[in-house]
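For reference, the structure is listed below as structure tokens.
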Amino acid sequence: MDVVVCLKQVVDPELPIRDFAVDPGTQRQVRDGRPLVISTYDENALEVALQLKDASGAKVKVLTLGPAAAVSEAIRLALAMGADEAIVVDDPRAPELSGAEKARTLAAAIRRIGPTDLILTGCESADWAERVVAPLLAEDLGAACVTFVSRIEAGDGAPLVRRLVEDGHHLVEVRLPAVLSVTSDESNRPRLPKVKDIMAAKRKPVQTWSPGDLTPASAGDVGAGVEVRGVVVPERTSRCEFLTGEPVEQVEALVQRLRDQKLL
Amino acid sequence: MPDILVVATAPDGTLSRSSLELVAGAHAISGPLGLGVTAVLLGSGPGLVDAPQALHRHGVARVLRVDHPLLTAGESDAYLRVIEQVARIERPEVVLISADTMGRDLAARLAWRLGAALVTECSELASGDGAVVARRQVYGGRAVATMAVTRRPAVFSMKPRSLDVPAPSPVAGTVEDLTVEMDPGDLPTRVRQVLREQSDVGLEDAQVVIGGGRGMGGPEGFAQLGELASTLGGAVGASRPPADSGWVPLSWQVGQTGKTIRPALYVAVGISGATQHVAGVSGSRMIVAINRDPEAPIFSVAHLGIVADFREVVPPLIAKIKELKGL
Chain D
201 MDVVVCLKQV VDPELPIRDF AVDPGTQRQV RDGRPLVIST YDENALEVAL QLKDASGAKV
261 KVLTLGPAAA VSEAIRLALA MGADEAIVVD DPRAPELSGA EKARTLAAAI RRIGPTDLIL
321 TGCESADWAE RVVAPLLAED LGAACVTFVS RIEAGDGAPL VRRLVEDGHH LVEVRLPAVL
381 SVTSDESNRP RLPKVKDIMA AKRKPVQTWS PGDLTPASAG DVGAGVEVRG VVVPERTSRC
441 EFLTGEPVEQ VEALVQRLRD QKLL
Chain R
2 MPDILVVATA PDGTLSRSSL ELVAGAHAIS GPLGLGVTAV LLGSGPGLVD APQALHRHGV
62 ARVLRVDHPL LTAGESDAYL RVIEQVARIE RPEVVLISAD TMGRDLAARL AWRLGAALVT
122 ECSELASGDG AVVARRQVYG GRAVATMAVT RRPAVFSMKP RSLDVPAPSP VAGTVEDLTV
182 EMDPGDLPTR VRQVLREQSD VGLEDAQVVI GGGRGMGGPE GFAQLGELAS TLGGAVGASR
242 PPADSGWVPL SWQVGQTGKT IRPALYVAVG ISGATQHVAG VSGSRMIVAI NRDPEAPIFS
302 VAHLGIVADF REVVPPLIAK IKELKGL
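Residue numbers (our numbering), protein chains in the order written: chain D, 201 to 464; chain R, 2 to 328.
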């Protein structure tokens, strides 16, 4: 089975709020000097792919949109975790592209990679969280689509996947080829690479393509005609009233406040 | 020709609340843009007979109804096929879809098929200068983006619980039944089994929610939160770490990735207050935070704060409320 995992690099979402800033020119988060990491759920997607490799010898490729110099660390980590090879589409504009624009380029890259059974992405990116890349990839590639998959229950033939829904899970049978977006689950916590894996990763192939090497689908870009007018950090004023004293006194005070507010 | 098409769903025959939230979104832009509103109602079951009346009651006169046994919970591909067919006939300028489990990928796939513009996970819709203006949270709730869309058609998905159900404004309505041909064998995905993990009170509808975080230390602490919640007639939720760690079901997760809630009272226990979580609870009327760490960011959004170990506070709180309620 051939599996492609799409990875995105983002500014560490755990960054303290004081270091968070929006560039008024690009309307995107300022990246300079901020730590970059693989977007949260993308690592879960990679782990799901690596488990398929462990179980049934799937071949796992990782695909990411550049700028190439910036993403090298993310690629090295993915290879050290166990991916077989990596493809980087070197696009310096990548951090400013919408999810739809990214999906269009990723789909073109996957077509160039060749026949692929499964394409995995994170269920959302840690920055704009548009949740559009997986469904748009599926449309662009003519593949089936299941989003918010927590695990693959059975890997052969038509896989059965577990999809997170509002009130539990659905087990969904999905025809291949398919695009799955992956959410986090206790079964797909990203593995930590060992030292020997980190060394071995240096010998794994990494291809770098430019956007000009790719041919996007002729269908229109759903990202077009959407203008970002502004990205604003809302002001948050602290208004918390702390209830002091011993726990019993704190509880008394809390209950009184809740009764005053008719919440009890 | 309808101008705004609201995608209303009733997978078990009952109109979903989020469908009415979409009606609120449609009303926000229909007047200024001079557009009419039509709802396409998709589902299966006897309840579908009455469901259009709820739409009429909230001001939607024209309802297109599609009743098909494949239009049940989770059958995304069946919904997509039908919505696509209806949209190709009706040629709406704007399509509104709920960003719930199914809708969040339906919106994107429909936009691709219709060659439409797309903005997802919107929390607010307005109009200006002929454009539809949408707001959505970005960067885990740290910032809010304003997007203007002039291209038509355009598809917007609305984050559930971002908009209130509109006040009733009944209109005389019409219902047109549409028939669709669909062979289940053509669908690339099919739901084979439904595994429910529901608490007694639905998290999204609860007026009181008790949320637990990493500070609970393990699944055991959630039993206490469950007792507190049931004493208050509420539901238990969680931030991401307990859901990721398997302490609680994933479907309990509250936050940007999980559910958005707007209860009257939200009690955050052992939750640090990552922006991702805060994004999902900031609509709560009253937020109480209980955390050992006085520097926890949750206190910057809470109205009332208790700096303490939850083990010292939650049991006496349960006892006190039981005493007051005579339980």
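Don't be surprised by glycine CBs; every beta carbon is placed ideally from N, CA and C.
Here the structure is a predicted model, which is why all the values come from computation and not from measurement.
Worksheet item: Does any CB atom of chain D fall closer than 8 Å to the CB of arginine 152 of chain R?
Response: yes
Practice prompt. Return the CA-CA distance between arginine 263 of chain R and leucine 229 of chain R, expressed in angstroms with no decimal places.
Written response: 19 Å
Worksheet entry | Element boundaries [alpha helix (DSSP H), containing lysine 326 of chain R] | 311-326
Discussion item. Please confirm whether threonine 102 of chain R has its beta-carbon closer than 8 Å to some beta-carbon of chain D.
Written reply: yes
Practice prompt. Could you run through the segment 178-200 of chain R and flag, in chain order, every residue whose CB is less than 9 Å away from some CB of chain D?
Written response: Leu188, Pro189, Thr190, Arg191, Val192, Arg193, Gln194, Val195, Leu196, Arg197, Glu198, Gln199
Discussion item. Under 8 Å, Cβ to Cβ, is there at least one residue of chain D near leucine 16 of chain R?
Written reply: no
Worksheet item: Taking the C-alpha atoms as reference points, what is the distance between threonine 151 of chain R and valine 96 of chain R?
Response: 14 Å
Discussion item. Is it buried or exposed, methionine 2 of chain R, if we count other Cβ atoms within 10 angstroms and call 16 or more buried?
Written reply: Here the model assigns methionine 2 of chain R a pLDDT of 48, short of 50, so the residue's position is not dependable, and the following value carries that caveat. So methionine 2 of chain R counts as exposed.
Item to complete: Classify alanine 62 of chain R as helix, strand or coil using the three-state DSSP reduction.
Response: coil
Worksheet item: Closer than 8 Å, CB to CB, is threonine 121 of chain R near chain D or not?
Response: yes
Discussion item. Excluding the 5 residues flanking aspartate 212 of chain D on each side, which residues of the same chain have their C-beta closer than 8 Å to its C-beta?
Written reply: Arg234, Pro235, Leu236, Val237
Worksheet entry | Continuous alpha helix (DSSP H) stretch holding leucine 1 of chain R: start and end | Coverage of chain R is limited to positions 2 through 328, which leaves residue 1 of chain R absent and any answer about it impossible.
Fill in: glutamate 285 of chain D in three-state terms, based on DSSP
strand
Worksheet item: Taking the runs of the beta strand (DSSP E) that are 3 residues or longer, which of them lie wholly in the segment 388-436 of chain D?
Response: 406-409, 426-432
Discussion item. Please report the distance separating the alpha-carbon of alanine 11 of chain R from that of leucine 49 of chain R.
Written reply: 7 Å
Worksheet item: Using the C-alpha atoms, what's the distance from arginine 312 of chain R back to lysine 404 of chain D?
Response: 50 Å
Fill in: 9 Å Cβ cut-off: residues of chain D touching alanine 239 of chain R
By Cβ distance, chain D contributes nothing, its closest Cβ being about 13 Å from alanine 239 of chain R, past 9 Å.
Worksheet entry | Through-space distance from glutamate 301 of chain D to isoleucine 310 of chain D, alpha-carbon basis | 14 Å
Practice prompt. From the DSSP output, in three-state form, read off methionine 2 of chain R for me.
Written response: Note that methionine 2 of chain R scores a pLDDT of 48, beneath 50, so its modelled location is shaky; the value from the coordinates is reported in the next line. Looking at methionine 2 of chain R - three-state DSSP - the assignment turns out to be coil, as it is neither helix nor strand.
Fill in: Own chain residues within Cβ distance below 7 Å of glutamate 296 of chain D, not counting five before or after
Thr226, Arg228
Discussion item. I'd like to know if glutamine 257 of chain R contacts chain D, where contact means its C-beta is closer than 8 Å to some C-beta of that chain.
Written reply: yes
Worksheet entry | Cα-Cα separation, histidine 28 of chain R to aspartate 206 of chain R | 23 Å
Worksheet item: CA-CA distance, glycine 32 of chain R and glutamate 22 of chain R?
Response: 17 Å
Worksheet item: So does the segment 187-195 of chain R actually touch the segment 63-78 of chain R, counting three or more Cβ pairs closer than 8 Å?
Response: yes
Item to complete: May I ask you to verify whether the segment 230-245 of chain R touches the segment 202-222 of chain R, counting CB pairs closer than 8 Å and requiring at least 3?
Response: yes
Practice prompt. Please confirm if the segment 375-392 of chain D is in contact with the segment 311-324 of chain D, defined as three or more CB-CB distances below 8 Å between the two stretches.
Written response: yes
Worksheet item: If you run the structure through DSSP and keep just helix, strand and coil, what is glutamine 1 of chain R?
Response: Residue 1 of chain R lies beyond the residue range present for chain R, which begins at 2 and ends at 328; the question has no answer from this structure.
Practice prompt. Tell me whether the beta-carbon of alanine 278 of chain D lies closer than 8 Å to the beta-carbon of leucine 207 of chain D.
Written response: yes
Fill in: Closer than 7 Å at the beta carbon, the chain D residues around valine 289 of chain R
Leu454
Fill in: Neighbour-count burial assignment, leucine 107 of chain R, 16 or more Cβ in a 10 Å radius
buried
Discussion item. Beta-carbon within less than 6 Å of leucine 266 of chain R's beta-carbon, same chain only, minus the 5 sequence neighbours each way: which residues are those?
Written reply: Val209, Met287
Practice prompt. Can you tell me the Cβ-Cβ gap for histidine 278 of chain R and valine 289 of chain R, rounded? I've got them flagged as a contact below 8 Å.
Written response: Contact doesn't hold; Cβ gap of about 15 Å is too wide.
Discussion item. Starting from valine 172 of chain R, trace the beta strand (DSSP E) in both directions and tell me its first and last residue.
Written reply: Unbroken run through valine 172 of chain R: none, as it is neither H nor E.
Practice prompt. Indicate whether the contact test is met: 3 or more Cβ pairs, each with one atom in the segment 382-391 of chain D and one in the segment 345-359 of chain D, closer than 8 Å.
Written response: yes
Worksheet item: Considering only the beta carbon of each residue, do valine 230 of chain D and methionine 148 of chain R sit closer than 8 Å?
Response: no
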